[in-house]
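What the sequence shown shows, in numbering that gives the first Met the number 0, is residues 0 to 228, in sequence order.
From the three backbone atoms N, C-alpha and C, an ideal C-beta is built for every residue, glycine too.
Below: one structure, written as structure tokens.
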Amino acid sequence: MESIASNIEAIRKQINSACIEAGRNPATVRLIAVSKTKSAELVREAFDAGQIEFGESYVQEFLDKYEDPQLDECPIEWHFIGHLQSNKVRSIIGKVSLVHGIDKLSTAEELSKRAVQHNLFVDYLLEVNTSGETSKYGLSSDDLLMEADALFHLPNITLRGLMTIASYDRVAARQEFRQLRTLLESLREIAPDPSKLTELSMGMSGDFEDAIHEGATMIRVGSAIFGWR
Ligand SMILES: *Cc1c(COP(=O)(O)O)cnc(C)c1O
Numbered sequence: 000m001e002s003i004a005s006n007i008e009a010i011r012k013q014i015n016s017a018c019i020e021a022g023r024n025p026a027t028v029r030l031i032a033v034s035k036t037k038s039a040e041l042v043r044e045a046f047d048a049g050q051i052e053f054g055e056s057y058v059q060e061f062l063d064k065y066e067d068p069q070l071d072e073c074p075i076e077w078h079f080i081g082h083l084q085s086n087k088v089r090s091i092i093g094k095v096s097l098v099h100g101i102d103k104l105s106t107a108e109e110l111s112k113r114a115v116q117h118n119l120f121v122d123y124l125l126e127v128n129t130s131g132e133t134s135k136y137g138l139s140s141d142d143l144l145m146e147a148d149a150l151f152h153l154p155n156i157t158l159r160g161l162m163t164i165a166s167y168d169r170v171a172a173r174q175e176f177r178q179l180r181t182l183l184e185s186l187r188e189i190a191p192d193p194s195k196l197t198e199l200s201m202g203m204s205g206d207f208e209d210a211i212h213e214g215a216t217m218i219r220v221g222s223a224i225f226g227w228r
């Protein structure tokens with residue numbers, strides 16, 4: 000296997016090319032290295048290669064890495080990208096810069112309640128099930144638009160955009176990325192402060208270039224950096 004540093008360099012080049020093709024500034028796409036199931040030592044290796052933002056999917060695993068002495072001196076920006084259950088909200092609050100996987104009004108309410116309790120302000124994304132696959136988490140577009148108003152008014156948390164996990168099939172995935180972008184546009188039309196609503200977290204190892212063409216502002220890449228899980 001190639002080294003983590005050379006994998007990251009290769010992905011950065013692919014991001015640049017995709018941005019140039021799409022007529023976008025590469026600085027508008029953030030690379031989130033998905034380190035789930037990988038050790039703190041490998042996270043450290045990626046950090047030393049210049050990677051700052053990391054994504055974790057499981058609460059306990061995230062907390063173990065968050066507290067790992069090997070990462071003590073690393074100002075890592077953590078993203079929680081997994082499905083977040085209400086009863087786990089309090090374990091991660093204040094420790095992550097962005098929560099990607101909120102898929103219910105009730106979880107957003109819990110996030111808001113805990114943020115108020117701890118006097119914190121938390122940014123989050125809503126997960127949308129764009130593929131319609133029942134095995135995937137996420138709100139439907141209709142439910143999201145119906146609940147938007149309630150979501151916008153929850154104290155101490157700010158909706159920054161949308162996240163999706165697309166279909167494995169590339170043609171379908173591209174449609175789903177486009178659908179997420181269109182949904183964000185609809186949401187911005189009804190948002191009290193659309194300037195806050197800017198993020199599209201979409202695209203993984205197999206499809207991030209397509210996602211960039213459709214407007215991704217954050218791509219979540221795991222296996223192309225760290226190897227197979
Ligand atoms: C695991 C995971 C990824 C990374 O997937 P790769 O195909 O390994 O790049 C991205 N997003 C989420 C939500 C994940 O759980």
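So residue i packs on residue j, CB below 8 Å; how close in whole Å?
i: residue 125; j: residue 162; result: 7 Å
i: residue 179; j: residue 106; result: Residue 179 to residue 106, Cβ: 19 Å. No contact.
i: residue 110; j: residue 156; result: 5 Å
i: residue 55; j: residue 81; result: 7 Å
i: residue 95; j: residue 79; result: 5 Å
i: residue 41; j: residue 7; result: Their Cβ separation, rounded to whole angstroms, is 12 Å, which puts residue 41 and residue 7 out of contact at 8 Å.
i: residue 136; j: residue 168; result: Not confirmed; about 19 Å, so no contact.
i: residue 202; j: residue 183; result: At roughly 14 Å, the Cβ-Cβ gap does not stay under 8 Å, so residue 202 and residue 183 are not in contact.
i: residue 90; j: residue 115; result: With a Cβ gap of about 17 Å, residue 90 and residue 115 do not count as contacting.
Can you name the start and end residues of the alpha helix (DSSP H) that residue i belongs to?
i: residue 151; result: 140-151
i: residue 176; result: 169-189
i: residue 222; result: 222-225
i: residue 256; result: Past the boundaries of the shown model lies residue 256; the chain is included only from 0 to 228, so the question cannot be answered.
Along the beta strand (DSSP E) that carries residue i, what are the first and last residues, could you check?
i: residue 79; result: 76-79
i: residue 113; result: Unbroken run through residue 113 is the alpha helix (DSSP H), 104-116; no beta strand (DSSP E).
i: residue 97; result: 97-101
What are the residues that DSSP puts in a beta bridge with residue i?
i: residue 161; result: 125, 199
i: residue 92; result: In DSSP, residue 92 forms no bridge with anything.
i: residue 7; result: Looking at the DSSP assignment, residue 7 forms no beta bridge with any residue, so it has no partner.
i: residue 219; result: 31
i: residue 156; result: 121
>> Taking contact to mean 3 or more Cβ pairs, one atom from each stretch, closer than 8 Å, check whether the stretch 19-28 and the stretch 41-50 are in contact.
In response: no
> Between the stretch 57-68 and the stretch 14-22, do at least 3 Cβ pairs fall closer than 8 Å?
Replying inline: no
>> At 4 residues or longer, what runs of the alpha helix (DSSP H) sit wholly inside the stretch 16-95?
In response: 39-47, 58-65, 88-91
> Are the stretch 196-210 and the stretch 130-147 in contact at 8 Å, needing three or more beta carbon pairs?
Replying inline: Contact fails: fewer than three Cβ-Cβ distances are below 8 Å.
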